[in-house]
Amino acid sequence: MKQYNISEVEAYNFIRKDIEDYWKLINEAYLNSNDIPKHVLDSIINYARMSEFSYENYMDRFTTGELLKYVVSSLLLDPM
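Residues in the sequence shown are numbered consecutively from 1, following full-length UniProt numbering.
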């Protein structure tokens, strides 16, 4: 942020816009792809979803297990 002389909020907004743009590209490629099997594409998209969830709200849930512990336990132990 200091390198580009922008505020933290502006940096977060820039990152959020990039994420939205890349999701559009991913969805377009998923819908228009005929040469890659759908189960491979599903795995890639699920990985992207998990990555976005793990770093949602700019919190690192992946390396800080306590932040993700509640979500995983509710998913596996108390399913809907």
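For glycine and all other residues, C-beta sits at the position ideal for the given N, C-alpha and C. Keep in mind that this is a model prediction, so the values were computed, not measured.
- Shown here for D78: not one same chain residue has a beta carbon closer than 8 Å to its own, the five before and five after excluded.
- The beta-carbon distance between Y30 and I45, rounded to whole angstroms, is 6 Å. This is short enough to meet the 8 Å contact definition.
- Beta-carbon to beta-carbon, S33 and L25 are separated by about 12 Å, too far to satisfy the 8 Å threshold.
- In the three-state DSSP reduction, S74 falls in the helix class (H, G or I).
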